[in-house]
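Structure first, commentary second.
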Amino acid sequence: RPGQPNVFERRKVARLARENGRLRLFHSMHDNVHGFEITYEIDLATGAIVRAEHVTPRLPYMGICSEPQRSITSLLGQTADAGLRKRIQATLGGAGGCAQLYDLTADLLKLLS
């Protein structure tokens with residue numbers, strides 16, 4: 018209904034923390050339809066992603082939206098460099114991916130620039 022308060026709410030939280038030679042990147046997005054939490058860890062000595070995990074307590078289309086979440090592990094071993102955002106477009110985003118998963122990951126990578 019027009020004028021109705023709280024029709025749609027979205028909250029995003031990004032956090033970066035340096036611990037034991039690693040950089041931990043966390044990003045979450047929760048709204049009326051989605052619930053995403055992603056965590057990556059980058060080895061500061063090599064620049065390689067050594068941890069890539071997700072938690073999705075709420076997805077709009079179970080099954081269709083569940084499958085792309087599994088592709089997050091494809092980032093393990095990748096170097097977190099300036100070209101990573103472009104390289105993951107096809108893996109995390111694209112026709113078989115998830116726009117939100119790609120956006121959350123790309124936003125974290127922008128913080129590293």
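Under our numbering, the first residue of the sequence shown carries the number 18, and numbering increases by one thereafter. In this text, a Cβ means the ideal position worked out from N, Cα and C, and glycines have one as well.
Worksheet entry | Distance between beta carbons of residue 126 and residue 97, contact taken as under 8 Å | Locating residue 97 in the sequence shown gives position 80, counting from the first residue. Locating residue 126 in the sequence shown gives position 109, counting from the first residue. Confirmed, Cβ separation roughly 7 Å.
Worksheet item: In the stretch 63 to 93, which residue ranges form an unbroken beta strand (DSSP E) of at least 3 residues, counting only runs that do not cross its ends?
Response: Annotation: the stretch 63 to 93 contains the following complete segments of the beta strand (DSSP E) (minimum length 3 residues), in chain order: 66 to 75.
Practice prompt. Would you grab the beta carbon distance between residue 55 and residue 122 for me? Rounded to a whole angstrom, and I think it's under 8 Å.
Written response: Taking the sequence shown and counting its residues from 1, the one referred to as residue 55 is at position 38. Taking the sequence shown and counting its residues from 1, the one referred to as residue 122 is at position 105. At roughly 6 Å, the Cβ-Cβ gap stays under 8 Å, so residue 55 and residue 122 are in contact.
Worksheet item: Taking all protein chains shown into account, do 16 or more other C-beta atoms lie within 10 angstroms of the C-beta of residue 110, making it buried, or fewer, making it exposed?
Response: Within the sequence shown, residue 110 is the residue found at index 93, counting from 1. It counts as buried.
Item to complete: Please work out which residues of its chain come closer than 7 Å, Cβ to Cβ, to residue 129, disregarding the five sequence neighbours upstream and downstream, and give them in chain order.
Response: In the sequence shown, counting from the first residue as 1, residue 129 sits at position 112. Excluding five sequence positions before and after residue 129, the CB atoms of its chain that fall closer than 7 Å to its own CB belong to 97, given in chain order.
Discussion item. What does the Cβ neighbour count give for residue 85, buried or exposed, with the cut at 16 atoms within 10 Å?
Written reply: Numbered from 1 along the sequence shown, position 68 holds the residue referred to as residue 85. Counting Cβ neighbours within 10 Å, residue 85 comes out buried, since at least 16 surround it.
Discussion item. Judging by CA-CA distance, which residue of 26, 53, 61, 31 is the nearest neighbour of residue 37?
Written reply: Position 20 of the sequence shown, counted from the first residue, corresponds to residue 37. Checked all of 26, 53, 61, 31; the closest Cα to residue 37 is 61.
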